[in-house]
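First residue of the sequence shown: 201, per our numbering; consecutive thereafter.
As structure tokens, the structure follows; a few thoughts come after it.
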Amino acid sequence: MKIADFGIELESIDELIGNNNAVLQLKKFASDINNNIKRKPLMIHGPSGNGKTSAVNLLAKANKWHIVELNASDYRDKESINNLMVAASQSRTIFGSKNLIFLDEIDELSSKFDKGAASALLNLIEVSKSPIIFTANNVWEKKITFLRNYTEMVEFKKVPNESIAEFLAKIAVIGNLNVSKEMILQIAKQSNGDVRSAVNDLLVLDKAPIEYIEMIGMRDRKMDIFATLDKIFFANTYSAPLSLTASSDVDTDMLIQWIDENIYKRYESAAEIYSAYKMLSLGSLFLNRASRSQYYTYWRYMNAFITSGVALAKHAYPNKMRRYSFPKKVSELSKSKESRGKTMEIALLLQHRLHTNTSKIISSELDIIVEMLKTAHNSEAKEEAYSFFERAFGLDEKQVEWLDKKFRQS
């Protein structure tokens, strides 16, 4: 196993964690194919982020199969399936190795299937001389139920928290990451069985204080922020990213912050970066118009600009070797969260003594207290000052000490 700047690279399918039975099924499938035993296509299904796509890639690598792939960013129509998949299923590579026909996330754009797509897939299964593997997050999606009788099910389950924590600890050691054991355990717990999200969280939280974990949240949402960003930056069609704001539980304002922070990490040319930021700014403009006018039809335009607009700003496949960064604004808010909370706690306490609002106390009255504290240069004067603020304003020693320390450093 290697660790790169953007994540990890597994060397063997046996290194996948938490789904040993599924891995055995895949290895048996490959063994039978290599021994010319006819097998149904596999339908690998289960929650996002637990290794389905990685398993297929590692299986192909181990058996020297060439992957011919359609994924969620590609068109799902009869013409694409016949022109690319059927032709590849009938042949081998120029080096004589097998082709693996791989249709990733078959349920993701099933609603976009044209009328002939289902019959084309069944024809592909019937005529293929190559192994076929499908993956799906939701195998019970109505539009792909026709495939269940023609495929063999392989279930990838959520990975236990303990296994994820052990895996993250290994990555932290190999990558020389400065992440505490406490944070690793918390990341594993909040991943909800999603290994990919847990690894992304670990890399982003390298050298971050423990309170940053609050920005991650429990991974019980339909699509996490990293997957959402991937589906924007790596999409090559207009329609693929459009549903993202509905399928992700990431707040729109927050999504804009994330895209803003990471455009330069995915796009390289000045023209691409300029175009992407232009699309993002137009999206923000329509979001603000919707908020001000309460005319929420503007959301349609906002959504198109921040997802498809940013996606199609590129002229070449983006750089995949850079990991995502937290938006600076989010980081700054997190850093100041404890300070803002403590300030408000003191302001609320002083409100009963000063008979004014907390905003005025924070903006002006606290400055007066700080100036009074600055005059206490020695221990005797400081003790007298602390005692005065306790009697006059009801502040305890820790609160006065916090004010003294905070504003002496500012």
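Here a beta-carbon is modelled for each residue, glycine too, at the ideal position from N, C-alpha and C.
Rounded separation between residue i and residue j - CA only
i	j	result
Thr575	Ile463	49 Å
Phe593	Val379	41 Å
Asn234	Gly246	26 Å
Thr497	Phe356	40 Å
Lys342	Ala398	30 Å
Ser475	Ala516	13 Å
Lys238	Ser231	11 Å
Thr558	Leu603	16 Å
Asn338	Leu224	22 Å
Lys465	Leu322	40 Å
Gly393	Ala504	31 Å
Asp453	Ser587	46 Å
Glu583	Arg492	52 Å
Proximity of residue i and residue j at Cβ, strictly below 8 Å
i	j	result
Ile371	Leu402	yes
Ser391	Ile364	yes
Ser297	Lys264	yes
Ser289	Leu324	yes
Thr335	Val256	yes
Asn262	Leu300	Reading the sequence as shown, one finds Ala at residue 262 and not Asn. It is not a contact, given that the beta carbons lie outside the stated cut-off.
Asp304	Glu269	yes
Trp458	Pro527	yes
Glu461	Lys514	no
Lys278	Gly316	yes
For residue i, three-class secondary structure by DSSP
i	result
Glu352	strand
His552	helix
Lys358	coil
Arg522	coil
Asn299	strand
Glu461	helix
Phe434	coil
Lys422	Unreliable placement is indicated for Lys422, whose pLDDT of 43 sits below 50; the coordinate value is still reported in the next sentence. Reduced to three states, the DSSP call for Lys422 is coil.
Phe206	Note on Phe206: pLDDT 37, under 50, position unreliable in the model; no value is reported.
Pro331	coil
Leu482	helix
Tyr467	coil
Ala504	helix
Arg591	helix
Lys514	coil
Gly218	coil
DSSP beta-bridge partners of residue i
i	result
His245	Ala336 and Glu355
Leu270	Leu303
Arg292	Lys298
Interface flag, residue i vs chain C, CB-CB below 8 Å
i	result
Ile387	In summary, chain C is missing from the structure at hand, where a single protein chain is found.
| task | Check whether the segment 345-360 touches the segment 236-254, counting contact only when three or more Cβ pairs, one atom from each stretch, lie closer than 8 Å. | result | yes
| Okay, do the segment 581-598 and the segment 545-558 touch, 3+ Cβ pairs below 8 Å being the bar? | yes
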